[in-house]
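A short write-up of the structure that comes next.
In the UniProt record's numbering, the protein residues as written are 1 to 297.
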């Protein structure tokens, strides 16, 4: 299958590209910048064979050109909570208008298979069952989910959205919730690090996330579906304990604001639809992440 991955040069995109390339898919990556050394480290030798298109996800013509000739789209492009807070209009252009551009391109070329990233940020801080975001980021993501349903009703374009909670693993180094990954990097390097937020949240290893995306691409398109990917619910104290189980002398602290979304959002129907998805424990995921950072150092 020929697959367009928007935002494919980022953390999740690189791990997904690695997985899909190993399965023999042809990949076209759409990014605003060129291929990074981090992408090459994650993907490995397959990176050089991937087609790379440079453009802005908010540019409808550039998105349409990137989608031409593809059979499926994985839409990962977006900016996170801090960037949306700093510039809500630009955040909406990338996260919301960019998503509409993807669906419009799919409509133009008859693409009927879209997998996209929503977020646990659609939930507010007190309710993990009813979406009620209190951030621009969460509001934009919730709007994208509604638009996906509209494209199914209006044009028969099927989609599956995933709401990952905190995704961690080798290469996650930007955004407020990069804390667990950066703690692993610091421990591997013998550095001091402070996780910049307080609270309990679901943590899901990037390997498990990209396994879900691959499974969604294999599923026969039908409807506009959205699933939570909460991972294992853990406090930051438990994250630090998992790091110190691998590196006993790790110097990891915790300080900052409380996360602005619910602690436990639950899996809902995820396992009913995708019964074979992996569920890596926090201890195993932290250990694997530290080992990868050690290898890369």
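A virtual CB, placed ideally from N, CA and C, is assigned to each residue, including glycine.
DSSP-derived helix/strand/coil call for residue i
| i | result |
| --- | --- |
| residue 247 | coil |
| residue 174 | coil |
| residue 112 | coil |
| residue 240 | helix |
| residue 73 | strand |
| residue 42 | helix |
| residue 48 | helix |
| residue 259 | coil |
| residue 140 | helix |
| residue 62 | helix |
| residue 14 | helix |
| residue 291 | helix |
| residue 21 | helix |
| residue 279 | coil |
Own chain, CB closer than 6 Å to residue i, minus 5 neighbours either side, in chain order
| i | result |
| --- | --- |
| residue 105 | 63, 64, 67 |
| residue 155 | 107 |
| residue 145 | 118, 161, 226 |
| residue 236 | 195, 254 |
Beta carbon of residue i nearer than 9 Å to that of residue j
| i | j | result |
| --- | --- | --- |
| residue 284 | residue 205 | yes |
| residue 209 | residue 54 | no |
| residue 270 | residue 232 | no |
| residue 73 | residue 113 | yes |
| residue 121 | residue 81 | yes |
| residue 239 | residue 190 | no |
| residue 207 | residue 15 | yes |
| residue 148 | residue 117 | no |
| residue 276 | residue 216 | no |
| residue 52 | residue 34 | yes |
| residue 293 | residue 187 | yes |
| residue 262 | residue 128 | yes |
Contact belief for residue i with residue j at Cβ below 8 Å, rounded distance in angstroms
| i | j | result |
| --- | --- | --- |
| residue 3 | residue 84 | About 27 Å separates the two Cβ atoms, so there is no contact after all. |
| residue 194 | residue 253 | 4 Å |
| residue 95 | residue 140 | 4 Å |
| residue 222 | residue 143 | Incorrect: roughly 23 Å between the Cβ atoms, too far for contact. |
| residue 246 | residue 287 | 5 Å |
| residue 76 | residue 10 | 6 Å |
| residue 243 | residue 250 | 5 Å |
Sequence-distant residues of its chain with Cβ nearer than 7 Å to residue i (five each side left out)
| i | result |
| --- | --- |
| residue 88 | 136 |
| residue 134 | 124, 125, 260 |
| residue 17 | 5, 8, 27, 29, 43, 50 |
| residue 289 | 168, 169, 170, 181, 184 |
Cβ shell of residue i (< 8 Å), same chain only, five flanking positions each side left out
| i | result |
| --- | --- |
| residue 225 | 159, 160, 161, 273 |
| residue 278 | 207, 208, 211 |
| residue 152 | 158, 159, 223, 224 |
Practice problem: Would you mind listing the alpha helix (DSSP H) stretches within the segment 145-227 that are 4+ residues and don't spill past its ends, in chain order? | Solution: Within the segment 145-227, the complete alpha helix (DSSP H) segments of 4 residues or longer fall at 179-189, 206-218, listed in chain order.
Quick one: which unbroken beta strand (DSSP E) runs of 3-plus residues sit fully inside the segment 79-135? Chain order, please. Fully enclosed beta strand (DSSP E) runs of no fewer than 3 residues occupy 113-117 of the segment 79-135, in order along the chain.
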